[in-house]
Amino acid sequence: MIDIPAPLRLRLDGDALVQNWRTLDRMSGTAACGAAVKANGYGLGAIEVARRLAAAGCRDFFVSNWQEAAELAPLGLTVSVLHGVREEDMPAVTAGFARPVLNTPIQVARWKAAGGGPCDVMVDTGMNRLGVSADDIAGGLLDGLAIETLMSHLACADEDVPMNAVQRDRFAALAGTTSARRLSLANSAGIALKGYAFDLTRPGLALYGGVPRNELSAIRQVVGPEAQILQRRRVHASDSVGYNALWTAKDETEVAIVNLGYADGYRRHFTNIGAALASGRVLPVLGRVSMDLVAIGVDAAKDLAEGDWVALDYALPTSAAASGLSQYELLTGLGARFERVWTTS
Ligand SMILES: *Cc1c(COP(=O)(O)O)cnc(C)c1O
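Those letters in the sequence shown? Residues 1 to 345, by this note's numbering.
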């Protein structure tokens with residue numbers, strides 16, 4: 001294989017990642033702090049993320065499915081599979097690199113029939129997504145299971161609504177009714193709520209720089225998309241740039257065409273509102289974001305030339321607010337064409 005340097009890269013701040021976990025660990029009080037590393041570590045790279053967090057002291061990792069768990073197997077971590085266990089997953093289960101979070105009576109029956117073994121269980125407390133019901137538990141569904149962690153998931157932890165306390169109280173009422181060694185309720189936003197940490201927290205978003213609530217303002221940005229300039233051109237007054245001519249020059253304008261687009265996760269929502277940053281100068285996105293390209297105005301950057309690199313403004317809270325996308329989408333959409341470059345400080 002010829003090693004061809006990528007024309008776009010994702011700078012990943014390993015110090016910020018670890019510091020974010022430490023911040024969340026501290027805010028979790030006496031509860032342990034785990035890490036959701038599903039969806040390839042929210043787009044950053046699950047192995048690199050998990051390795052760094054394990055070195056920092058994180059002991060509980062969460063993925064969605066068994067393929068993701070298998071990818072982490074070489075690290076030898078404690079991994080829980082949030083979507084539980086299908087019949088197709090049973091061969092992977094016996095390899096022993098993860099345990100399921102059982103979500104349904106059928107999954108519970110499947111687990112018992114296979115001989116049980118340590119597992120986690122999700123109970124629904126009002127989100128109506130995944131989980132067995134409190135009635136199932138009262139009816140003895142979980143009897144005989146060796147449950148490591150009983151967990152539930154908050155629907156609205158990023159908002160101040162009565163539903164949070166309702167879910168917390170329903171969950172707290174289940175304490176002592178199962179064999180579970182630990183209880184776990186809070187995601188990133190839930191960690192900022194007082195009294196929701198129980199024994200184990202499960203942050204995802206905030207590890208990666210997302211800020212779902214103001215109390216988490218200490219969280220630091222981790223990702224930084226960068227791309228190379230392919231062409232620099234001068235656009236005359238009243239000429240337009242890009243698909244559907246969505247930007248028209250008022251005056252002569254210097255434009256750089258940059259090597260990333262919506263296929264890389266730099267979504268069309270940034271059309272005419274995104275920006276690149278170069279030495280403190282803001283270089284606005286001009287016109288529509290293409291699949292593989294985006295145009296930026298470089299009047300403020302006389303020095304930037306073909307082959308130079310620019311950093312996109314991808315600050316998660318403000319980029320989400322400006323684009324209407326969620327911080328989760330901004331992270332998990334980051335594509336495979338980025339070379340992922342980890343820096344520590
Ligand atoms: C994804 C997920 C998390 C992490 O949520 P964030 O909002 O990203 O912190 C925690 N628990 C469960 C069950 C999840 O699916």
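Cβ atoms here follow ideal geometry from the backbone N, Cα and C, with glycine treated the same way.
### Task
Please confirm whether any heavy atom of ligand 1 lies closer than 7 Å to the CB of L316.
no
### Check whether V101 and M151 have beta carbons under 8 Å apart
yes
### Task
Put E329 into one of helix, strand or coil per three-state DSSP.
helix
### Task
Can you grab the Cα-Cα spacing for the pair V298 / G29, in whole Å?
48 Å
### Task
Can you give me the Cβ contacts of H269 inside the same chain, cut-off strictly under 7 Å, excluding the 5 residues immediately before and after it?
Result list for H269: S323, G324 and L325, in chain order.
### Message
What does the alpha-carbon distance come out to for the pair I106 and D199?
### Response
Their backbone Cα atoms lie some 27 Å apart in a straight line.
#### Entry: Residues near A346 by beta carbon distance below 7 Å, same chain, minus five either side
Summary: the structure shown does not reach residue 346, with the chain confined to residues 1 through 345, and so no result is reported for it.
### Query
For V161, does the count of other Cβ atoms within 10 angstroms reach 16, so buried, or fall short, so exposed?
Counting the other CB atoms within 10 Å of its CB gives V161 a total below 16, which places it among the exposed residues.
### Query
Considering R182, what are the terminal residues of the beta strand (DSSP E) in which it resides?
R182 to S184
#### Entry: Run of the beta strand (DSSP E) containing F62, from where it starts to where it stops
Per DSSP, F62 belongs to the beta strand (DSSP E) from F61 to V63.
#### Entry: Under 8 Å between C-beta atoms of R9 and V235
In this structure, V235 does not lie closer than 8 Å to R9 by Cβ.
### Query
Considering only residues of the same chain and omitting the five flanking positions on each side of A36, which have a CB-CB separation below 6 Å?
Taking A36 as the centre and dropping the five residues before and after it, the same chain places the C-beta of F62, R202 and G204 closer than 6 Å to its C-beta, in chain order.
### Task
Out of A138, D158 and L207, point me to the one whose CA is closest to A354's CA.
Outside the shown range of the chain, which is 1 to 345, sits residue 354, and nothing can be said about it.
#### Entry: Spatial distance of A237 from S279 (CA atoms)
27 Å
### Cα-Cα separation between A69 and R232, rounded to whole angstroms
45 Å
### Query
Which residues in the same chain as G287 place their Cβ atom closer than 6 Å to its Cβ, once the five residues preceding and following it in sequence are excluded?
V241, G242, L246, W247 and A295
### Message
Buried or exposed, going by whether 16 or more other CB atoms sit within 10 Å of the CB of G140?
### Response
exposed
### Task
Could you tell me whether any non-hydrogen atom of ligand 1 is closer than 7 Å to the CB of A192?
no
### Message
Threshold first: 3 residues or longer. Then list the beta strand (DSSP E) segments lying entirely within the segment 281-322, N to C.
### Response
281-284, 294-297 and 309-312
### Query
Taking the Cβ atom as the reference point for each residue, do V123 and G131 lie within a distance shorter than 8 Å?
yes
#### Entry: Buried or exposed by the 16-neighbour rule on C-beta atoms within 10 Å, applied to E226
buried
### Query
Taking 7 Å as the cut-off, is the CB of A249 close to at least one heavy atom of ligand 1?
Because no heavy atom of ligand 1 lies under 7 Å away, the Cβ of A249 does not count as near it: no.
### Query
Where does S217 land, buried or exposed, given buried means 16+ other C-beta within 10 angstroms?
exposed
### Query
Where does T344 fall in DSSP's three states?
coil
### Task
Find the nearest neighbour of T261 within the set A249, A56, I229 and A146, judged by alpha-carbon distance.
For the sequence presented, residue 261 should be read as Gly rather than Thr. It is I229.
#### Entry: Coil, strand or helix - S279 by DSSP
coil
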